[in-house]
Amino acid sequence: MKAIVTFLIVVAFSANCLDILKKIAELKHSENEVKDFLSSIEDHYYAPLQTTENAIKDRYLIAFKKGAAIHSILTAFKIAVSPFDRLFKIHYEFKELNAACASMGPLSLRILRRLKQVANIQNDGIMRIMEGNEVNEECTTQKDGEWCLSRVSNASIENFDTYIHACNAGFNVTIYVVDTGVRLNHSEFDIGRATFGANFVSDEPAEDLHGHGTACASMAAGVRAGVAKNANIVAVKVLNKDGSGMISDVIAGIMWTSMQEVKGIVSISLGGFLNPFVNSAVEMCYYYGQFLAVAAGNSAINACLFSPASAQFAFTVAASNYTNELAWFTNFGRCVDIISPGTKCLLANSTTGGFSHAS
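Read in order, the letters of the sequence shown correspond to residues -17 to -1, 1 to 342 in mature numbering (1 follows the signal peptide of the UniProt record, and there is no 0).
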């Protein structure tokens, strides 16, 4: 036992963490031996561990240092810990971000934090839609007084019913809606103008089971409720029927849009408290050529405290009311780029196939 621990200490101080993991796997040590080993090298490198709001137990986002061979490290790590950790599972490898997401037990986490190629670790958590109070109101035609659209083309407070736009507004533009999914056959999107892109909610079908994604898509490109009435919609589902989802799934959805050949607008009306992993995904997506329009948030506090609203290259949108003042619920501050109509707007309803008013 002493010889094993001594050998592992020597290996642990080597520069290559792959060597560490391979030697651990070869020794076929017991869990107690691993604990003894870790206790004996308390002065060794220890990657910081951050706690996320609404943290998911035993599931972590891992940031690696620049130049780290992420896939090789994770593969070797899996081999090393599999004898004693049945929880270990690699969910995502975000190569462009030098990051990954994996589930693991406490002992594996301790080992991971010893690896010099690991920069920091954070609990995976939950993100939610940015939603105000909704009042359902069925209607079949767009009525006078739909101020949200009219105010886009005319800022006058007296303008409630006139929306002026180009006949081909949005033509040949693609909008990726990263949300709860989109009801593709809703009348707002004509036939074929809304298509499925990807679904990162593993235990649900691709359909919009909540409604928020369909509503956001209609505001962007709906025939009646939309600003760019000829734009194409691509549904990227990252949130479930309750309007919430794992941070890692949100990151995966954002990174999926960055890899698409067709560049356009990425609409993200969701968020949570400040998260560097999410912000890095937004920034990388921008570098790949996408324009990211994100919600400021609905907590009536500084938008810079939230992600993705605080991301460097996000175009962050706060909400105004019909008197051209900030909506009572909207976030604000230097991270906000524009203020747009956002209270009691006519939006598509995914449940009924009709419309509702929402903020």
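Glycine included, each C-beta is placed from N, C-alpha and C at the ideal position.
This one's a predicted model, so the numbers in the text were calculated from it and none came from an experiment.
Cα-Cα separation between residue i and residue j, rounded to whole angstroms
i	j	result
Asn215	Asn37	34 Å
Glu171	Ala204	8 Å
Asp225	Ser133	31 Å
Ala302	Leu90	46 Å
Leu80	Met267	7 Å
Ile248	Ala200	12 Å
Arg97	Val261	24 Å
Ile140	Asp320	21 Å
Ser136	Cys328	15 Å
Asp68	Gly88	6 Å
Gly209	Met202	4 Å
Ile174	Asn168	7 Å
Lys40	Asn285	28 Å
Ala292	Phe60	34 Å
Asn332	Cys287	31 Å
Ala63	Leu70	13 Å
Ile198	Pro66	According to the sequence provided, residue 198 is Ala. The question's Ile does not apply to it. Taking the straight line joining both Cα atoms gives about 48 Å.
Ser86	Leu92	9 Å
Val(-8)	Ile234	Confidence is the limiting factor: at Val(-8) the pLDDT is only 35, short of 50, which leaves the residue's position unreliable and the question unanswerable from this model.
Ser28	Ser263	Ser is not the amino acid found at residue 28; the sequence shown has Tyr there. Going from the Cα of Tyr28 to the Cα of Ser263 covers about 24 Å.
Glu308	Thr145	20 Å
Leu192	Phe256	25 Å
Ile94	Ala138	58 Å
Environment of residue i [buried if 16+ CB atoms lie within 10 Å]
i	result
Val245	exposed
Tyr270	exposed
Thr124	With a pLDDT of 32 at Thr124, under the threshold of 50, the predicted position of this residue should be treated as unreliable, and no value is reported.
Thr163	buried
Trp311	exposed
His54	exposed
Met242	exposed
Arg42	buried
Thr306	exposed
Gly196	buried
Gly272	exposed
Cβ neighbours of residue i in the same chain (closer than 7 Å, five flanking residues each side left out)
i	result
Asn213	Asn151, Ala152, Gly153 and Phe154
Gln100	Cys(-1), Phe47, Lys48, Ala51 and Ile56
Met113	Ser252, Leu253, Gly254, Ala278, Gly280 and Asn281
Ala83	Ile45, Ile53, Leu57, Ile73, Tyr75, Glu76 and Phe77
Glu187	Asn223 and Lys224
Asp232	Phe183, Val184 and Val221
Phe179	Leu167, Ala189 and Ala218
Lys316	A small correction: the amino acid at residue 316 is Gly; Lys does not occupy that position in the sequence shown. Once the five neighbours on either side are set aside, the close Cβ partners of Gly316 are Asn285, Ala286 and Cys287.
Ala211	Ala152, Gly153, Val156, Ala203 and Ala204
Same chain, Cβ closer than 6 Å to residue i, neighbours up to 5 away in sequence not counted
i	result
Ala(-3)	With a pLDDT of 43 at Ala(-3), under the threshold of 50, the modelled position of that residue is not reliable, and the figure given next carries that caveat. Here the set comprises nothing.
Gln105	Gln33, Thr35 and Leu44
Asn304	Ala310 and Thr326
Arg111	Gly226 and Ser227
Cys318	Ala286, Cys287, Ala292, Ser293 and Thr299
Phe296	Glu266 and Tyr269
Ser323	Val300
Anticipated Cβ contact below 8 Å, residue i with residue j, distance rounded
i	j	result
Asp107	Thr35	7 Å
Trp130	Ala181	No, Trp130 and Ala181 are not in contact; Cβ-Cβ is about 34 Å, not under 8 Å.
Tyr159	Ser227	So it is not a contact: roughly 20 Å between Cβ atoms.
Ala177	Val165	6 Å
Ser290	Asn258	4 Å
Ala30	Ala102	7 Å
Pro265	Ala294	Inspection of the sequence shows that residue 265 is occupied by Val rather than by Pro. Yes, they are in contact, since the Cβ atoms of Val265 and Ala294 sit about 4 Å apart, within 8 Å.
Met229	Ile147	Wrong, their Cβ atoms sit about 42 Å apart, outside the cutoff.
Cβ neighbours of residue i in the same chain (closer than 8 Å, five flanking residues each side left out)
i	result
Gly236	Val161, Ala181, Phe183, Val219, Lys220 and Val221
3-residue-minimum beta strand (DSSP E) runs that sit fully inside the region 295 to 338, ordered along the chain
298 to 303, 321 to 324 and 328 to 331
At 4 residues or longer, what runs of the alpha helix (DSSP H) sit wholly inside the region 133 to 210?
195 to 204
Pick out the complete beta strand (DSSP E) segments inside the region 229 to 307, 3 residues or longer, and give them in chain order.
248 to 251, 253 to 256, 274 to 278 and 298 to 303
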